[in-house]
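Take a look at the structure:
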């Protein structure tokens, strides 16, 4: 299952890089592509956590997993807080409402 979120992570990081260097006329499209790929990554990550046995009961337990620490090290600093926010929801077994997505 790591392969599934790994693929989504790679796509999301590629879109982050593209968005970060996009010219003004391409910025909106690049941002939309990045946002969609971020939430695909989060969904794949959520599915991975659901297969853990036992599943982490807290955000701290989730973030302390070596696989998650390795993943977090690959994220650019601006994405780390968003990832941790989503990871907290995952650890609490909560789903983000569509309207709550980052804008």
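Numbering (our numbering), first residue to last: 31 to 133.
No residue lacks a Cβ here, since even glycine has one placed at the ideal position from N, Cα and C.
Since the structure is predicted, the reported quantities are computational estimates derived from the model, not experimental observations.
The beta carbon of residue 116 sits closer than 6 Å to the beta carbons of 72 from its chain, once the five residues preceding and following it are set aside; these are given in chain order. Residue state for residue 83 is assigned as coil, using DSSP reduced to three classes. Residue 74 is a Cβ neighbour of residue 34, given a cutoff of 7 Å. Secondary structure of residue 108 (DSSP, three-state): helix.
Taking C-beta separations shorter than 6 Å and ignoring five residues to either side along the sequence, the partners of residue 67 in its chain run 41, 42 and 45, following chain order.
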